[in-house]
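For reference, the structure is listed below as structure tokens.
Protein chains: 4
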Amino acid sequence: MKALVCEAEWSPRKGYRLTREEDAKKSAINGNQVWKNPRLSIKEIPQPEISRPTDVIIKVKACGVCGSDVHMMETDDAGYIKLAYRTKFPCVLGHEFSGRVVEVGSGVKKVKTGDMVSVEEIHWCGQCLACCEGYQNQCLYIEDLGFTEDGAFAEYLISDEKYVWKLNDIMETYQDEEKTYESGALIEPTGVAYEGLFSRGGGLRPGGHAVVIGSGPIGLAAIALLRTAGAAKIINFEISDIRRKLAGRMGSDFVYDPVELKKDNVTMAQVILDVTKGTGAHILVEAAGAGQITYPEIENAMEHGAKVIALGVTAGSSPVDIIKYQIAGSRIIGSIGHCGADFPRVINLMASRRIDMTQIITSRFPLEKALEAIKQTAKKIDAKVLVKP
Amino acid sequence: MKALVCEAEWSPRKGYRLTREEDAKKSAINGNQVWKNPRLSIKEIPQPEISRPTDVIIKVKACGVCGSDVHMMETDDAGYIKLAYRTKFPCVLGHEFSGRVVEVGSGVKKVKTGDMVSVEEIHWCGQCLACCEGYQNQCLYIEDLGFTEDGAFAEYLISDEKYVWKLNDIMETYQDEEKTYESGALIEPTGVAYEGLFSRGGGLRPGGHAVVIGSGPIGLAAIALLRTAGAAKIINFEISDIRRKLAGRMGSDFVYDPVELKKDNVTMAQVILDVTKGTGAHILVEAAGAGQITYPEIENAMEHGAKVIALGVTAGSSPVDIIKYQIAGSRIIGSIGHCGADFPRVINLMASRRIDMTQIITSRFPLEKALEAIKQTAKKIDAKVLVKP
Amino acid sequence: MKALVCEAEWSPRKGYRLTREEDAKKSAINGNQVWKNPRLSIKEIPQPEISRPTDVIIKVKACGVCGSDVHMMETDDAGYIKLAYRTKFPCVLGHEFSGRVVEVGSGVKKVKTGDMVSVEEIHWCGQCLACCEGYQNQCLYIEDLGFTEDGAFAEYLISDEKYVWKLNDIMETYQDEEKTYESGALIEPTGVAYEGLFSRGGGLRPGGHAVVIGSGPIGLAAIALLRTAGAAKIINFEISDIRRKLAGRMGSDFVYDPVELKKDNVTMAQVILDVTKGTGAHILVEAAGAGQITYPEIENAMEHGAKVIALGVTAGSSPVDIIKYQIAGSRIIGSIGHCGADFPRVINLMASRRIDMTQIITSRFPLEKALEAIKQTAKKIDAKVLVKP
Amino acid sequence: MKALVCEAEWSPRKGYRLTREEDAKKSAINGNQVWKNPRLSIKEIPQPEISRPTDVIIKVKACGVCGSDVHMMETDDAGYIKLAYRTKFPCVLGHEFSGRVVEVGSGVKKVKTGDMVSVEEIHWCGQCLACCEGYQNQCLYIEDLGFTEDGAFAEYLISDEKYVWKLNDIMETYQDEEKTYESGALIEPTGVAYEGLFSRGGGLRPGGHAVVIGSGPIGLAAIALLRTAGAAKIINFEISDIRRKLAGRMGSDFVYDPVELKKDNVTMAQVILDVTKGTGAHILVEAAGAGQITYPEIENAMEHGAKVIALGVTAGSSPVDIIKYQIAGSRIIGSIGHCGADFPRVINLMASRRIDMTQIITSRFPLEKALEAIKQTAKKIDAKVLVKP
């Protein structure tokens, strides 16, 4: 079958100390320190086959491009991939996807052939202390689909049933296969926002005001979820024109371009205080990954008891004036990825028409052009780019 | 000024033991045990005057009729009022209202003359252990507007500023005084649902399915709030035609008449399991006050970890099969009234157009006809009846 | 190897409708409706062998007798076992135990040969919605060690590694194998109390007063845990002399015999209000399984915001006056079994000497006398009886 | 009567913009920007008198010295007081105290003459949105006893009843007036730790490991509370010998001197990982006010889902590597002061002998030597210094 494979050279940087595990498995915790000269190409590889009773084989129907796919393609000056995350090459990329079950192992209970499904990106063991306590995202033995295990820019994919969730209810609502598969491919990024806002963050008090900084796919999902969960005013900051437009469509009441604000010598904090009439926001989502700029604004715009949800990934430390969190009785809550019941709860929201994430899809490519899809994403013009085999 | 006054005879039933407090203040904890032969009439009484620095005088603009107003008018066979709640007569009735501030005491900070406002029904001391711990509803020294203190079926009303909340943001959104005052008169019953679902109940996981049994004003508010807070499927049971229609309009996806179900030999639990494809509901609201019938249904329709929110008031004990709550890992959460930030959060939801409770108003009467308004409510045809001085 | 095996006849009562699953697997959801004429005896059966890469074989060192073991031995008038729970016979009984790992499958990561361990009783799938959402106790595909799968009144036992937790830290603290294994055999009932109080119940506010009704092993564990978690006054009610004595030793400040109270015409609610100077208790644990008697007392002794933790199993419905939960802003929280991180957190408490559950062991028997151990337990004189192969 | 009065000159620094409120009331939000040349002295001032129905007059029995008292005495190079907090001079200092009620206003319900009491330091309005939502600490109209209103280094003090809580239960337990008053003077700092750990922080899962950095009175209280709330291993870091000794006495299992660690080239994070066998801590309390040093350690020693409780006040921003909180699924929770039910819950813990904070008292002075008491505290040799009129 055809698949977009990423290959690279295992060449740990001088000074980087591999863990015993990394060395034994040739699987990097931080790819940026180890993998050099990546080559992405459509290849012909063997179709996956059932080998364990819990295996499920899925024909891929749609797979979104993530910023991390771009960072496995792009390199720094020394030739290392930009992605500072778990990686093991060669690997088929793609981890935001949907498809149809075409074969199941003898012991599979959750799905059957013909089911429309999506699959979690994070592969958790389910038995370590973190997993047992509901922190599968913090699993001690984590693996990642499309990073350390073959992903979904391919015709077929194999997964353990435990990561697989049915989309049948979305199909029942819309009676539209395209809509269902495209919705399905957007569950993963929506799940990332759901995890931060609800599973880790504990949700908001309906009637509280909300801020989302950054409107990439995860920021846009956060806006849609805040809107469907009862935020009063929703305020968004985003530099891209097209994303600001989508932010409004997903439910943001107030949308600002930080570049324009700067020209007017107005800070984000001032805007938030102005819109909320001085109270500040009840929940503030950092989805920009620009912590050095955003946290110093956030800390000046918090209502008493505010929740700051950290979703964006910032390289390096951010300055945080802790006393401001003390005076406000507020908190910073870290979240990454998704787990638990994030997927099925997001599916329910889609199936009951509470959110429609397909609105953020801006381009579609066939599998043969998966590499072009990644390059298109790298231009940062789009919101979400899909590959549809 | 004109006001609807309720008078009655202090005549404790044989066998009822008055507390020392009840006797001293001639204020009953359970009116049904003490007050006989009620007479409701429009009277001319003195207009309230500022006597303390924190007093606020409000010109009433709209006041809803509550089922408890009916129960102060109606009597049982022995001539006692039906209402088993705190009461001290004579008293001006009416506790779901809005109005305009016309005068404030010298120390008032929260509002100023001209502000559009609504006022909490429950008067809490703010300093006992319950109040300090956020259970103002469980205040040791509770008083009730329209029950033990003069209420709002009147031209004017006096309140301590601490119970008063501004509606100005609703006015800013709608630019419509009528809409603002009518919304304002519906904050109280909406606050009762908000308290149960969010302040006491801790809210729902967006994407969970919801059930509301009973669609009086509080059940209808629960539907509107569940819809705005991210419930997936919302299922309602209600016997009145007009209320079922309103349930749909407020956001219920599935609406059933229990009488019809019974004819078909189908239980509410079966319907819930059917609609939720066997999982049961994530959150179930008892808003019917018919616990002997409803709890035995609820306990057969709970998803793991379900929350059962008890809002309706049932006379006497209900049979509860506790093992079903153990097997489901679920809970019953008692809630009554409103407190804390329920009012301002509901106001935010109205001002940001997330909910519009004015849709449930089915009749309007002038102050002179307040008694007719109560009699109309007693017919149980309406959803919400307003008195507008 | 030797093992205490329970055999019985599959003979569904007239009128009991087997589910398809029950019929196919000959495994009853409610044993009392299906299994007749139980015979418990020490038998020679084959020693378990590793067949899957995640198998662990454990040499049993200590196994507690549970009330449910008694209920599989005892029958009602029609000859059916008294236990109304999942069962599949023949089955080796025993589910509260500890032992030493003697062999592990090729893929086992959590333990290694020689580790001292305990094993969860509830076997959860880890992938259904309930499991993923942290309700492994509500798993759709639940199995039970010592009920539907061979248990620990035996020389050896086999388990999937995911249910196994190490006791090594207890050994490190006490440097005493006997103490470690006996502690290990008490993790399961302590985990049941931990689940209810903390995992489902969300814990208490330190400085709140606590009530425990019933001092069987789970009630005693609840007392120990409430003491170690910051309850102020702890009040216990229990009819057995020896258990009342142990309640005091585990940390209860006030211990009453309900039989004596009745003679004095004093209710449990009155005692609680008296001890708490009228405020009522912050957390109340039903560990007696006598709901028809206990809930009507509990509802009269609740502080605002009280948590009622339902641990005891009561047959049939209990009368619950819901309005009292509304007026108190309180709740009933159902809990059964244990899951998630209950075992490792209890182990930490034992290893750091915060609780010492071995104090409740009142008798010890060798494996050959396991049946006598169950009969001894049936006399209800003891707190906890151990079988030590 | 005699009292320790602080006087200073109102001299706003150049560039500091007074708010309208500050200017009108001559009350500074940040004293360090406004007040110059402080003079502390024992003066004869008029005894307070009842003027409002809710006033309570208290004869002071014991009052602790706080670090903030030192910072009102000490000045920077420009002559400004070091304290960057609300202040209005002249003011009687002292805010951690206990005493006996000697007179009450006509409307007082909470206490009566003769009651032994302690009083909250933070004076909250009880009616703004923050107060109503349980964030009295974030009150919009906050005042502070001993900072903006006359405090307790005096013979008598006047307070509104709402801030007053009875110590009678402690007296009932110990039957010792000295013990009761000394315990009472320690409620305030203990309440600060209680607020952070439980009221804001939501408490810990019993059996989780805990870290406290810094063992001033608040750090010591945190240790005592963690111990009484079920922490497994408690690890403390503190540079002062006497405080490390007290940390052990309050319940810390492992106590380290960071200076010694540094000599050995070992970080705090390494120690925590070592003691917890690699898992990191479940709850970590910053009570040192040295965020630039402590947060970079904390973020490397967190278990999945860890709670970092920020109690210490650090001047300026601290570097926080947010991605570490995302990867751990952990959070930083800001807390300052106390409110709600912190005082009565701490009193319950003292009255039931769960904590005994009097152990941290290291010196006692008569009122006449209150200034010496502050100077003694400034030497940072003691844990807690008491002034006893």
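Chains H, V, Y and P supply the protein sequences, listed in that same order. Position one of the first sequence corresponds to residue 1 (the working numbering), numbered consecutively onward. Position one of the second sequence corresponds to residue 390 (the working numbering), numbered consecutively onward. Position one of the third sequence corresponds to residue 779 (the working numbering), numbered consecutively onward. Position one of the fourth sequence corresponds to residue 1168 (the working numbering), numbered consecutively onward. We put the CB at the ideal spot given by N, CA and C, even for glycine.
query: Can you list the residues of chain Y that P/Lys1546 reaches, using a CB-CB cut of under 8 Å?; result: Result: empty, since nearest Cβ-Cβ is about 33 Å, beyond 8 Å.
query: Per DSSP, H/His123 forms a beta bridge with which residues?; result: H/Glu143
query: Residues in its own chain within less than 6 Å of H/Thr377 by CB, not counting five upstream and five downstream?; result: Val65, Val70, Val385
query: Identify whether P/Tyr1348 lies in helix, strand or coil by the three-state DSSP scheme.; result: helix
query: Please tell me whether P/Thr1481 has its Cβ less than 8 Å away from any Cβ of chain H.; result: yes
query: Counting only Cβ-Cβ distances shorter than 8 Å, please list the residues of the stretch 1096-1123 of chain Y near chain V, keeping chain order.; result: Ser1096, Pro1097, Val1098, Asp1099, Ile1100, Ile1101, Lys1102, Tyr1103, Gln1104, Ile1105, Ala1106, Gly1107, Ser1108, Arg1109, Ile1110, Ile1111, Gly1112, Ser1113, Ile1114
query: Assuming contact is defined by CB atoms lying nearer than 8 Å, are P/Val1227 and P/Leu1324 in contact in what I supplied?; result: yes
query: Name the chain H residues that come within less than 7 Å of V/Asn419, Cβ to Cβ?; result: Under the 7 Å cutoff, chain H gives no residues; its nearest Cβ is about 33 Å from V/Asn419.
query: Does DSSP classify P/Tyr1423 as helix, strand or coil?; result: strand
query: With the cut-off set at 8 Å, would you say Y/Val812 and Y/Ser789 are in Cβ contact?; result: yes
query: For Y/Glu800, would you say it is in contact with chain H, using Cβ-to-Cβ distances shorter than 8 Å as the test?; result: no
query: What number of angstroms, rounded off, separates the C-alpha of P/Val1359 from the C-alpha of V/Pro778?; result: 50 Å
query: Kindly indicate if chain P contains any beta-carbon less than 8 Å away from that of H/Asn407.; result: The requested residue 407 of chain H does not occur in the structure, where chain H is confined to residues 1 to 389.
query: For a contact meaning CB atoms closer than 9 Å, what does H/Ser352 contact in chain V?; result: Gly596, His598, Ala620, Ala621, Lys622, Ile623, Asp642
query: Would you list the one or two residues that DSSP bridges to Y/Ala806?; result: Y/Thr865
query: Nearest by alpha-carbon distance to V/Met639: which of V/Leu760, V/Leu615, V/Gly592 is it?; result: V/Leu615
query: Can you give me the Cβ contacts of Y/Lys1011 inside the same chain, cut-off strictly under 8 Å, excluding the 5 residues immediately before and after it?; result: His987, Ala988, Asp1031, Phe1032, Val1053, Thr1054
query: According to the Cβ coordinates, are P/Ile1489 and P/Val1452 closer than 8 Å?; result: no
query: Helix or strand or just coil, what does DSSP make of H/Tyr16?; result: coil
query: Thinking C-alpha only, which one of P/Ile1337, P/Leu1364, P/Ser1366, P/Phe1365 is nearest P/Ala1352?; result: P/Ile1337
query: Who are the near neighbours of H/Val119 in its chain, counting only those whose CB is closer than 6 Å to its CB and skipping five residues on each side?; result: Ser159, Tyr163, Val164
query: Bridge partners of P/Glu1211, per DSSP?; result: P/Lys1169
query: Below 8 Å between beta carbons: does that hold for Y/Gly1107 and V/Ser724?; result: yes
query: Going by DSSP, name the residue or residues bridged to H/Asn265.; result: Per DSSP, none; premise fails for H/Asn265.
query: Could you name the residues of the stretch 893-911 of chain Y whose beta carbon sits closer than 7 Å to any beta carbon of chain H, in the order they occur along the chain?; result: Gly904, Gln905, Leu907, Cys910, Glu911
query: Across the stretch 648-658 of chain V and the stretch 684-693 of chain V, are there enough close Cβ pairs to call them in contact, namely three or more that are closer than 8 Å?; result: yes
query: In chain P, which residues lie less than 9 Å from V/Glu550 when you measure between Cβ atoms?; result: Gln1294
query: Using the C-alpha atoms, what's the distance from H/Val320 back to H/Ile332?; result: 10 Å
query: With 16 other CB atoms within 10 Å as the buried threshold, where does P/Arg1512 fall?; result: buried
query: Since Y/Lys804 meets chain H, which of its residues come closer than 9 Å, beta carbon to beta carbon?; result: Chain H residues near Y/Lys804: none, gap ~19 Å exceeds 9 Å.
query: Spell out a yes or no on whether the stretch 729-746 of chain V and the stretch 528-542 of chain V are touching, meaning 3 or more CB-CB pairs, one atom from each, closer than 8 Å.; result: no
query: Where P/Ser1194 and P/Ile1450 are concerned, what is the direct C-alpha to C-alpha distance, given to the nearest angstrom?; result: 37 Å
query: Any idea what DSSP makes of V/Leu575, helix, strand or coil?; result: coil
query: In three-state DSSP terms, what is V/Cys452?; result: strand
query: In terms of residues, what are the limits of the alpha helix (DSSP H) holding H/Phe343?; result: 342-351
query: Identify, in the order they occur along the chain, each residue of the same chain with its Cβ nearer than 7 Å to the Cβ of Y/Ile1139, setting aside the five sequence neighbours on each side.; result: Glu960, Lys1162, Leu1164
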